[in-house]
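Q:
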Amino acid sequence: MAVTLKNIFRITASKLITNNVQIFSKRSIKSATSDVQVISTERVKPSLPTRKHLRTYKLSLIDQMNYDLYIPLVFFYSASCKHQDFRKKSDLLKQSLATTLTHYYPFAGRFIDGFSVDCNDHGAAFIEANVGCDISKFLQPPDMELLQQLIPPSPQLSNLEISERELLAVQVNLFNSGEMAIGVCFSHGVADGSAIFNFMKTWGEIARGVINDNDNICNNNIVLDCTSLFPPVKFPQQYQIPSPQSSRKIVFKRLLFEGKKIATLKEKVNKELMADNNSDDYVLQATRFGVVSALIWGASIAVARERKRTTDNMLYSHSMYYTMNLRNKMNPPMFPRCMGNIFRLVRAEWSLAEDDAIEVTNLVREVVKAKRMGRDVMNNDEYLDFIKDLYEAWEDSRSFPLTSVVGLPCYEVDFGWGKPVWFSLGPILLPDIAILSSTSDGEGIEALVVMFKEDMEKFEQETSIMAYASANPSIFIRK
-17 MAVTLKNIFR
-7 ITASKLITNN
3 VQIFSKRSIK
13 SATSDVQVIS
23 TERVKPSLPT
33 RKHLRTYKLS
43 LIDQMNYDLY
53 IPLVFFYSAS
63 CKHQDFRKKS
73 DLLKQSLATT
83 LTHYYPFAGR
93 FIDGFSVDCN
103 DHGAAFIEAN
113 VGCDISKFLQ
123 PPDMELLQQL
133 IPPSPQLSNL
143 EISERELLAV
153 QVNLFNSGEM
163 AIGVCFSHGV
173 ADGSAIFNFM
183 KTWGEIARGV
193 INDNDNICNN
203 NIVLDCTSLF
213 PPVKFPQQYQ
223 IPSPQSSRKI
233 VFKRLLFEGK
243 KIATLKEKVN
253 KELMADNNSD
263 DYVLQATRFG
273 VVSALIWGAS
283 IAVARERKRT
293 TDNMLYSHSM
303 YYTMNLRNKM
313 NPPMFPRCMG
323 NIFRLVRAEW
333 SLAEDDAIEV
343 TNLVREVVKA
353 KRMGRDVMNN
363 DEYLDFIKDL
373 YEAWEDSRSF
383 PLTSVVGLPC
393 YEVDFGWGKP
403 VWFSLGPILL
413 PDIAILSSTS
423 DGEGIEALVV
433 MFKEDMEKFE
443 QETSIMAYAS
453 ANPSIFIRK
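Heads up: the sequence shown begins at -17 in my numbering, then just goes up one per residue.
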């Protein structure tokens, strides 16, 4: 599933939202192997108006860093849905979305500037589409270029002013064979992975009638003021994630790390960690995330070393930055379903000065150390310096950011016709990054890796990748 950004931009640009969202009504988006016809578009507003004292949602520093980015996702459902049933299901989705937006009301608002959201209840975009082909053409194997057509267009790529862009868009797709795919596009400026997947889970529970307005889940503080945790800065643009400036081709690769292979490697790594009597690494055991992230990091280190040799550049070390959810680490812990960007980045480093063997156990040990150090509190100035270091290292290929939604309710998004058989991220428009997620059985891990084309060719040939990962296997859905 190696797709260049040139094709992704072409497809996305054909679907960009304008100020008149009805532009999509009865419009087709076609490729050689698919026929996605948008049949209607509307805005879904909260079922109850947002109270006046809640109309302004203040952005934290982490929100500011991400407010120009969007996160695309698509969920696939196997339940057979006849065309006469599609209207009922789509209406249920709209009604339950309206109720969910009452609790997650910033998603129905618009950015005022780099400091706040006007929670004006303008609503989320809601698109309905028919797909004139069998679902197998999208999933056997998954094709990132085709998957993009099932996801609402990212406002990030539009010509709209940021104050006019939706913060949430939904696209409900019905296949000829009766399966359904629900694509969503969330603003990263008001939500991280935890907030997004918990929003989707809550939306499903409201659709099924599992929870209602009287339940504690909806009465808890879903929308919090996080500016005391991460105070905003006056000039946020300099801390936002930089867009790639290189003309080099960027490609995507989906990797599947099977549960049995991960379990075997994890057991081996834990035995080696415990055998090291000179450290206390045994206190924190290796996890699925730790083992797979070490495999990916090790392969990216090998690519960096090769680049260092061939270009004779000044790369002395290579860093892996990964995200740490802070909700359960606060005292007292925060409500798990609260929205916002409530995470911080931590860093593990590896020297490139010597050609030492890149052992998985040693990499896991560095990840464990970084995780422990990540619990230390940083003030705002220290964290800003930390972010500057990340961007500088990212731009000259000395780092590899990695984010994970492992452990989040990715496969608990059930609207009443069963849990998703598979979900996928859409294209992430940043090179040198990986996103990890659990497989549907909770045992394996999928990784979406984004790299420059020449680096990807070396990366996927690394022993650690070839031995433990399968490249983009097909997804089969029972009829």
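Beta carbons are placed, not taken as given, at the ideal position from N, Cα and C, and that holds for glycine.
Bear in mind that the values here come from a model prediction, so they are computed numbers and not experimental data.
1. Using only the alpha-carbon positions, how far apart do Glu148 and Val346 sit?
2. Should the region 41 to 60 be called in touch with the region 101 to 113, which here means at least 3 C-beta pairs below 8 Å?
3. If you count every other CB in all the chains shown that lies within 10 Å of the CB of Thr445, and 16 or more means buried, which is it?
4. Applying the 10 Å Cβ sphere with the 16-neighbour rule, what's the burial state of Ala14?
5. Taking DSSP as the reference, what is the three-state secondary structure of Arg380?
6. Assign Gln130 to one of three DSSP states: helix, strand, or coil.
7. Extract the residue ranges of the beta strand (DSSP E) inside the region 85 to 122, only unbroken runs of 3 or more that lie entirely within it.
8. Which residues share a DSSP beta bridge with Ile164?
9. Does Lys242 pass the burial test, meaning 16 or more other C-beta atoms within 10 Å, or should it be called exposed?
10. Who are the near neighbours of Arg230 in its chain, counting only those whose CB is closer than 6 Å to its CB and skipping five residues on each side?
11. For Ala335, which residues of its own chain have a beta-carbon under 7 Å away from its beta-carbon, when the five flanking residues on both sides are left out?
12. For Met126 and His35, what's the separation of their Cα atoms in angstroms?
13. Provide the residue span of the alpha helix (DSSP H) that contains Trp480, from first to last.
14. Would you mind working out which of Arg291, Phe317 and Pro213 sits nearest Asn203, comparing C-alpha positions?
15. Classify Lys370: buried if its beta carbon has 16 or more other beta carbons within 10 angstroms, exposed otherwise.
16. If we count the other Cβ atoms within 10 Å of its Cβ and call it buried at 16 or more, is Ala268 buried or exposed?
17. Since I believe Phe382 is in contact with Met302 (beta carbons under 8 Å), could you give me their beta-carbon distance rounded to a whole number of angstroms?
18. Any idea what DSSP makes of Val346, helix, strand or coil?
19. Taking the alpha carbon of Arg190 as the point to measure from, which residue in Phe179, Met448, Gln77 and Glu288 has its own alpha carbon closest?
20. Helix, strand or coil for Phe(-9) per DSSP?
21. Would Gln153 be called buried (16 or more neighbouring beta carbons within 10 Å of its own) or exposed?
22. Do Arg25 and Gly105 have their beta-carbon atoms positioned less than 8 Å apart in this structure?
23. For Pro123, which residues in the same chain have their Cβ closer than 7 Å to its Cβ, ignoring the five residues on either side in sequence?
A: Inspection of the coordinates gives the following:
1. Here residue 148 refers to the residue found at position 166 of the sequence shown. Here residue 346 refers to the residue found at position 364 of the sequence shown. Their backbone Cα atoms lie some 40 Å apart in a straight line.
2. no
3. What you label residue 445 is simply residue 463 of the sequence shown in a count that begins at 1. Classification of Thr445: exposed, given that the 10 Å Cβ count is below 16.
4. Against the sequence shown, residue 14 aligns to sequence position 32. The predicted model places Ala14 with a pLDDT of 39, which falls under 50 and marks its position as unreliable, so this point remains unresolved.
5. What you label residue 380 is simply residue 398 of the sequence shown in a count that begins at 1. Reduced to three states, the DSSP call for Arg380 is coil.
6. Taking the first residue of the sequence shown as position 1, residue 130 is located at position 148. Three-state DSSP puts Gln130 in a helix.
7. 98 to 100 and 106 to 113
8. For this step, residue 164 is matched to residue 182 along the sequence shown. Note: Ile164 sits in a beta bridge opposite Phe57 and Val154.
9. Residue 242 sits at position 260 when you count from the first residue of the sequence shown. Result: exposed.
10. Reading the sequence shown from its first residue, position 248 is the one you call residue 230. Once the five neighbours on either side are set aside, the close Cβ partners of Arg230 are Phe434.
11. Here residue 335 is taken as the residue at index 353 of the sequence shown, counted from 1. Same-chain partners within the cutoff: Tyr298.
12. The residue given as residue 126 occupies position 144 in the sequence shown. The residue given as residue 35 occupies position 53 in the sequence shown. Roughly 42 Å separates the two Cα atoms.
13. Nothing in the structure corresponds to residue 480, since the chain is present only between -17 and 461.
14. Looking up residue 203 in the sequence shown gives position 221. Ranking Arg291, Phe317 and Pro213 by Cα distance to Asn203 puts Phe317 first.
15. Translated into the one-based positions of the sequence shown, residue 370 becomes position 388. Lys370 should be labelled exposed.
16. Residue numbering aside, residue 268 sits at position 286 when the sequence shown is read from its first letter. Buried is the call here.
17. Against the sequence shown, residue 302 aligns to sequence position 320. Against the sequence shown, residue 382 aligns to sequence position 400. Contact holds; Cβ gap of about 5 Å.
18. In the sequence shown, counting from the first residue as 1, residue 346 sits at position 364. Helix.
19. Counted from its first residue, the sequence shown places residue 190 at position 208. The option with the nearest alpha carbon to Arg190 is Gln77.
20. Taking the first residue of the sequence shown as 1, we reach residue -9 at position 9. Confidence in Phe(-9) is poor, its pLDDT being 29 and thus under 50, which makes the residue's placement unreliable; the coordinate value appears in the next sentence. Note: Phe(-9) maps to helix in three-state DSSP.
21. If you number the sequence shown from 1, residue 153 lands on position 171. Flag for Gln153 reads buried.
22. In the sequence shown, the residue the question calls residue 105 occupies position 123. In the sequence shown, the residue the question calls residue 25 occupies position 43. The answer is yes: Cβ separation under 8 Å.
23. Taking the first residue of the sequence shown as 1, we reach residue 123 at position 141. Answer for Pro123: Met(-17), Asn454, Pro455 and Ser456, listed in chain order.
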